[in-house]
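All remarks here apply to the structure that follows.
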Amino acid sequence: MTGAVPPRSWASRLFEPRRLGRQAPATRVLVYAGLLFWTFVVLFPFYWLLVTSLKLPIHVADGPNYLPFVDFTPSPHAWHYIFVEIGRDTFRPYLNSVIIAGASTALAVVVGSMAAYALARIDYRPKLGTIGLFVVALAAVVVAVIAFGVPWQLAAVAGIAVFVFLARALAGRFRRSVGNGDILFWIISQRILPPVVAAIPIYVMFQQLGLLDTHLALILTYMTVNLPIVVWLMYDFFASIPTDLEESAQIDGASRYRIFFDVVLPLAKPGLAATSLLVLVLAWNEYLLALFLSTVDAQTMPLLVSAQNATRGPQWWYMSVLIVIMILPVTAVAVALQKFIARGLLIGAVKG
Amino acid sequence: MTNTTGSEWLDRQARWVFLMPTVLIILTFSIFPLLVSAYLSLSRFKFVRGGFELRYIGFRNYEKLLFGSEQYHFLGKFAAMGVWHGLLLGGLLLAFGYWLWRYLRGGGAGVVGLLGRLIFMALALGLVALASVTLAPGGALGSLMVTLFYVIVGCSAQFLAGLGLALLCAQPVVGRTFFRVVFFLPLMVTPVGIAYTFRMLADMTKGPFAPVWAAFGLGDFAWASDAWSARLVVVIGDSWQWIPFIFIVMLAAIENQPRDQVEAAELDGAGPWRVFRDVTWPAIAPVAATVMLIRVIEAFKIIDLPNVLTNGGPGIATESMTLHAFIAWRTLNLGGSAAVSYMLLFVAIILCVSFFNLVVLRYREHGR
C-alpha cells in the first residue's frame, strides 16, 4: 500500500479484488469451494442453534428437522420460557455477566496498559536479592497461616514488617538486578499458570474475606488472569509508538499521568480495541473459575447454560436460546471492532 | 498548580504508580495462591468436627499419581514394553545426543541453555515412553496423555486449517471482508455453548447429519462410548473455536508482507508452492511461532469441552488434567487436586518455555 493511491470506498474494495483474473479458472473454483465450505462449517452450528431454539421438544426428539415451516412449525415457547416465565432468573445472570466481564475488562486494560507503558518507557532495576527475600517472606506467611494456624491478618502484617526491615538492612549487599525484560517475562509467564492451580486457594481466600459468590471476587480474579495478556499485547503497542510526542509534552511540563492518558492512550486505540475485545471475550465466556467462585448471586451465563442440563436431561431448546443471547453482544462488539482486531493482535504476535 | 510540591512528588512516584498495581495484583491473586497450592499438594485434607484439618504428608500425593493408586488415572494403564518401544526410545535418545553435541560444539552454549535442554529432553523422553506404553494395545491413556493429545493434535490441526484458510482468504477473491468476519465468529462463543452445540450436531440419530451417518451404516454408532471417537469430537469442537484465532492473525501477517517480493518471485517464474516456501513462509514464520505459543498455552487449560461433551467419559478417556483436578476437588481430595494441578503446571511450563526458546526465538532471529 503506497500513500499515493487514493483510498477506495468500502464497496469497491469488496467487489474489486486485487489482480483480478490472474488465476486459472480451476484454481479459482478450488479457492471458492474451500471458502464456501468453511463458511458452511462456521455458520451451520449457528443456524442449528437458532432453529433448535424455535423447536418444541417433540421436534427435537423426532429426529432431524431442518427447516422451520417446512419440516416443523416453529414455536417461540423456549424464548417465552427464558424471557417471561423464568425471566428474572435469566436476567440476573445476564446482568452479572455484563457487570463482571465489563468491569474486569476495563480494570485489566487500564491497569495492564499502565504497567505495559511503564515497562516500555521507564528503566526498572529491582535487585534480585530483594525479590528472593520477598518470596521467602511470602512462603513463610503461607506456612505460618496454614501449618501453624496464625491468623492471616497478623501473619500478613508481620511478614510485611520483616520483609521491609530486612530489605532496608540488606539493601546495600544486593548486587545483581533484573531488567524490564525479566519483569515482562515474569508477568507474561503468569498466563501459563493453569487457573485450576490457583482456584482452590482463591476460593479459600475469598471465603475468608466473606466475598464468595460476589461480583467483586469474580471481577478481581478475571482481572488477574487477563492482566498478562493485556501487558503482553500493549507493551508491544507502546514500544512501536514513537516517543517524540511524549517528549514534547514533557517539555511543556505535562506530568507522566497527563502524558499517558492524554497523549499515549489515544495513539494506542487500535491496540486497546483488540486487547479489550480479546479480554472481554475471555471474561464473558469463562467457566471454570465461575464454577469455583459463584453459586447463586454472582452466577454467570456459562453456568446458567450448563445448568439447563440438570435434572430432566439436556433442555436443548432453552440452552439454544441462552447460547444465542450470549453470543449476540460479543459478536456485535467484534464486528464493530473488526478493523482493529487483526492489526492489534498482529503487533503483539510479531514482537511478542 | 496550587500544590506544586505535592504534584511533583506524585510525578516522581509515577514509575511505581504505573507498575505496582499489576505487580501487587499478580502477587496477591497468582503467586500467593500458587504457594498455598504448593503447600496443599503436600498435605492431606480432612473434615473434622467443627472444621477441617490439613496434615503435611510430604510427596505422598505425587507418589500416588506417579506410582500408586491414582496412576491409571494420571499416567494411564501400561501395556508391556515391546521391541519397537525400545527402538523408538533408543532412536530418540541418539537424536537428542546428537542435538546436544551440536549445541555444545556450536559455541555460545551456556549453563542455563544446557540445563534447559536437559530438562526438556528428560521430559520429552519420559512423555514419549509414556505414550508408547499407553498407546500400545492393552494400554489406556491417563489424563496427562489425553491433555497432550488435545494440545498436540488439536493445535497442529488448528494451525494447518487456520493457515490454509488465511492463504485462501489472502487470494484475490470477491467478498473477502464477508469471509473474514464470518470466519472470526466462532471465537465469540462460550466453550460451554460450543460443547452443547456439538453434542446436538454429533447426535448420530437425531442430529442434522443423521442421514449421512445412516448412509454410511453408522447410524447406531455411539461416539461417546468409544474413547477415540469421543476424544476426536472434543478436538473438533475445540478446533472449531480456535481456528479463527490462528486464521485472523495469520491473515494479517500474510497481508502485511511486502507485495513486491511475491510479485518479483512470480515474475521469475516461481510456482505457488515455491512462492509460499521461499517468500511467504519465511516472512510469516515468526508470527506463526508466536501465535502457536499463545494457542498452546491456552490449550493446556482445556476443561469446558470434555466436561460438557463427554463428562470425561467413557470412563476417564477424555479427561484433561484440569478436569481431573476439578473432579478431585469436587470429591474434596484437595491435596490430590493440587498435586494434579502442579503436575500440569510443570509440564506446561517446561514445554511452553522450551517451545519459546527453541522455536519462537529462533524464527524471530531469522526474521530480522
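Just so you know, the protein sequences line up as chains A and B, in that order.
Residue numbers for the first sequence follow my numbering, beginning at 1 and rising by one.
Residue numbers for the second sequence follow my numbering, beginning at 1001 and rising by one.
Where is the CB? At the ideal position from N, CA and C, for every residue including glycine.
Exercise. Taking the continuous beta strand (DSSP E) assigned at residue 1046 (chain B), which residues delimit it?
Worked result: Where residue 1046 (chain B) is concerned, the enclosing beta strand (DSSP E) stretches over 1043 to 1048.
For this session: Starting from the C-beta of residue 1210 (chain B), find all residues in its chain whose C-beta is less than 8 Å away, skip the five residues before and the five after it, and write them out in chain order.
Result: Correct list, in chain order: 1203, 1204, 1219.
Problem set entry | Cross-strand partners of residue 1055 (chain B) (DSSP beta bridge) | In the DSSP assignment, the residues bridged to residue 1055 (chain B) are B:1044.
Exercise. Which of the residues in the stretch 296 to 313 of chain A, read from start to end, lie with their CB under 9 Å from any CB of chain B?
Worked result: Those would be 301, 302, 303, 305, 306, 308, 309, in chain order.
For this session: For chain A, find out if any of its Cβ atoms is closer than 9 Å to the Cβ of residue 1060 (chain B); answer yes or no.
Result: False, the Cβ-Cβ gap to chain A never drops below 9 Å.
Problem set entry | C-alpha distance - residue 3 (chain A) paired with residue 1305 (chain B), whole-angstrom precision | With a pLDDT of 40 at residue 3 (chain A), under the threshold of 50, the modelled position of that residue is not reliable, and the figure given next carries that caveat. Going from the Cα of residue 3 (chain A) to the Cα of residue 1305 (chain B) covers about 47 Å.
For this session: Check the Cβ of residue 1295 (chain B) against every Cβ in chain A and list those closer than 8 Å, keeping chain order.
Result: What residue 1295 (chain B) touches in chain A: nothing, since even the nearest Cβ is about 11 Å away.
Exercise. Mind checking whether residue 159 (chain A) and residue 137 (chain A) have CB atoms under 9 Å apart?
Worked result: Annotated as proximal: residue 159 (chain A) and residue 137 (chain A), with beta-carbon spacing under 9 Å.
Problem set entry | Contacts around residue 367 (chain A), its chain only, beta-carbon distance under 8 Å, and the 5 residues preceding and following it disregarded | Here chain A covers residues 1 to 352 and nothing more, so residue 367 (chain A) does not appear.
For this session: Grab me the residues of residue 340 (chain A)'s own chain with a C-beta within less than 6 Å of its C-beta, minus the 5 sequence neighbours each way, in chain order.
Result: Here the set comprises 270, 273, 274.
Problem set entry | Selected residue, minimal CA-CA separation from residue 1317 (chain B), among B:1072, B:1272, B:1052 | Just measuring C-alpha positions, the residue of B:1072, B:1272, B:1052 sitting nearest residue 1317 (chain B) is B:1072.
For this session: At 8 Å on the CB atoms, spell out the chain D contacts of residue 317 (chain A), in chain order.
Result: Within the model displayed, chain D is absent; protein chains A and B are what it includes.
Exercise. What residues from chain B crowd round residue 338 (chain A), counting only those whose CB sits closer than 9 Å?
Worked result: Ordered by position in chain B, the residues that pass the 9 Å Cβ test against residue 338 (chain A) are 1177, 1180, 1181, 1184.
Exercise. Which residues of chain A have a Cβ atom closer than 8 Å to the Cβ of residue 1169 (chain B), listed in chain order?
Worked result: Per Cβ cutoff of 8 Å: 35.
Exercise. Is residue 339 (chain A) helix, strand or coil when you go by DSSP?
Worked result: DSSP places residue 339 (chain A) in helix when its eight states are reduced to three.
Exercise. How many angstroms separate the CA atom of residue 1347 (chain B) from the CA atom of residue 1037 (chain B)?
Worked result: Each residue's alpha carbon lies about 16 Å from the other.
Exercise. For the candidate residues B:1183, B:1358, B:1063, B:1288, whose alpha-carbon lies nearest to that of residue 37 (chain A)?
Worked result: Ranked by Cα distance from residue 37 (chain A), the first of B:1183, B:1358, B:1063, B:1288 is B:1183.
For this session: Could you tell me which chain A residues have their CB closer than 7 Å to the CB of residue 1014 (chain B), listed as they occur along the chain?
Result: 256, 257, listed in chain order.
Exercise. Beta-carbon of residue 1002 (chain B) versus every beta-carbon of chain A: anything under 9 Å?
Worked result: With a pLDDT of 49 at residue 1002 (chain B), under the threshold of 50, the modelled position of this residue cannot be trusted; read the value that follows with caution. Output row for residue 1002 (chain B): interface = no.
Problem set entry | Distance CB(residue 1029 (chain B))-CB(residue 1332 (chain B)) smaller than 9 Å | The Cβ-Cβ distance between residue 1029 (chain B) and residue 1332 (chain B) does not fall below 9 Å.
Problem set entry | Contact between the stretch 96 to 103 of chain A and the stretch 286 to 304 of chain A (3+ Cβ pairs under 8 Å) | Short answer: they touch.
For this session: Taking a Cβ distance cut-off of 8 Å, strictly less, list which residues of the stretch 101 to 123 of chain A are near chain B, in chain order.
Result: So the list reads 111, 112, 114, 115, 117, 118, 119, 122, given in the order they occur along the chain.
Problem set entry | residue 275 (chain A): first and last residue of the uninterrupted alpha helix (DSSP H) it sits in | Looking at the DSSP string, the run of the alpha helix (DSSP H) that includes residue 275 (chain A) is 269 to 285.
Exercise. Which class does residue 127 (chain A) belong to by DSSP, given the choice of helix, strand or coil?
Worked result: Three-state result, residue 127 (chain A): strand.
Exercise. According to the Cβ coordinates, are residue 321 (chain A) and residue 79 (chain A) closer than 9 Å?
Worked result: The answer is yes: Cβ separation under 9 Å.
Exercise. Closer than 9 Å, CB to CB, is residue 128 (chain A) near chain B or not?
Worked result: Nearest CB-CB separation between residue 128 (chain A) and chain B: not below the 9 Å threshold.
For this session: Drop a sphere of 10 angstroms on the beta-carbon of residue 1238 (chain B), count the other beta-carbons inside from all chains shown, and report buried for 16 or more, exposed for fewer.
Result: Under this definition residue 1238 (chain B) is a buried residue.
For this session: Could you pull out every residue in the same chain whose Cβ sits closer than 6 Å to the Cβ of residue 388 (chain A), ignoring the five residues on either side in sequence?
Result: Chain A is shown from 1 up to 352; residue 388 (chain A) falls before or after that span and cannot be answered.
Exercise. For residue 1325 (chain B) versus residue 1062 (chain B), is the C-beta distance shorter than 9 Å?
Worked result: For residue 1325 (chain B) and residue 1062 (chain B), no; Cβs fall outside 9 Å.
Problem set entry | Close-in-space but distant-in-sequence residues of the same chain around residue 1329 (chain B) (CB under 8 Å, 5 per side omitted) | These residues qualify, in order along the chain: 1337.
Problem set entry | Contact with chain A by residue 1196 (chain B), beta-carbon distance below 9 Å | With respect to chain A, the C-beta atom of residue 1196 (chain B) has a partner C-beta closer than 9 Å.
Exercise. Does the beta-carbon of residue 210 (chain A) have 16 or more other beta-carbons within 10 angstroms, so that it is buried, or is it exposed?
Worked result: With fewer than 16 other Cβ atoms within 10 Å, it is exposed.
Exercise. Does any C-beta atom of chain B lie closer than 9 Å to the C-beta of residue 44 (chain A)?
Worked result: By this cut-off, residue 44 (chain A) is an interface position.
Exercise. Name the chain A residues that come within less than 7 Å of residue 1018 (chain B), Cβ to Cβ?
Worked result: Counting only Cβ-Cβ distances below 7 Å, residue 1018 (chain B) has contacts in chain A at 114, 115, 117, 118, in chain order.
Exercise. Run through DSSP, which three-state label would residue 1156 (chain B) get?
Worked result: Note: residue 1156 (chain B) maps to helix in three-state DSSP.
Exercise. Got a sec: is the Cβ-Cβ distance from residue 1156 (chain B) to anything in chain A below 9 Å?
Worked result: Residue contact check for residue 1156 (chain B) against chain A: no CB pair falls below 9 Å.
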